Amino acid sequence: DKEDSEITFGGYKPQHMAKGTEMIWTPVEEPEHGHWTIKIKSITAGGVRLPYCDDGTCRALIDTGTSLLGVPSDIGPTLIDHLRHNSDGTGSALCNGPG
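Residues 770 to 868 (our numbering) are what the sequence shown spells out, left to right.
Listed below in structure tokens is the structure:
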């Protein structure tokens, strides 16, 4: 209730982006499957580049309707270790990102 939420199709609002950043577009892979699939070139978590997907064969499904992150079981524990962050103790879910 304390913040507004919106989704935009076919464009974006630059005022919603962090200062000094720019939009990067990526092509959808295999659009005939009916969902947004993109290539993953590498994975960086917590400022550390992880040794996964460097061979260019990884793909990801993008779904704006969920925050679910599904990953292969062999990378799951590593991602959790790099993305986990401590709460500020106030019950707030807001943070400056992983770490």
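Quick reminder that beta carbons are idealized off the backbone N, C-alpha and C, glycines included.
Remember, predicted model here, so these are calculated numbers, not experimental data.
Assignment of beta-bridge partners to R818 by DSSP yields T813. Across the set G789, T826, G803 and G815, the C-alpha of G815 shows the shortest separation from the C-alpha of R853. For E798, the beta-bridge partners assigned by DSSP are T806. Of the other Cβ atoms in all chains shown, 16 or more fall within 10 Å of the Cβ of I812; this residue is therefore buried. With respect to R828, T795 sits apart: the two C-beta atoms are not nearer than 8 Å. As DSSP reads the structure, L830 sits in a beta bridge with T806.
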